[in-house]
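The numbering of the sequence shown is our numbering, which starts it at 469 and goes up by one. Where is the CB? At the ideal position from N, CA and C, for every residue including glycine. Let me begin by presenting the structure, written as structure tokens, before commenting on it.
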Amino acid sequence: MRRPSLASLLNAFPLMVLEATLKDIAAKRSWMINKQHLAQLIELGLVEMREDVPHLTIAGQNATWKA
């Protein structure tokens, strides 16, 4: 299955909003996470779910701290 490109998703989700969601996940602020953004980040391979809790993948960690 081919993942959508980040550029194609940025039309619907501004980069700053997705970066903020990544940082919320990294800080374990699960009550603040937007479910729609979470779905997009999972599709991009930046986040994975473990026991119903979102965790950053290596790519997600790299994207979070480069921003």
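Between the beta-carbon of residue 489 and that of residue 506 there is about 7 Å, and that keeps the pair under the 8 Å contact cut. Around the CB of residue 526, fewer than 16 other CB atoms lie within 10 Å, so the residue is classed as exposed.
By the neighbour-count definition (other C-beta atoms within 10 Å, threshold 16), residue 483 is an exposed residue.
In the structure shown, residue 519 falls within a coil segment according to DSSP collapsed to helix, strand and coil.
As computed with DSSP, residue 524 is found in a beta bridge with 515.
Taken through DSSP and simplified to helix, strand or coil, residue 502 comes out as coil.
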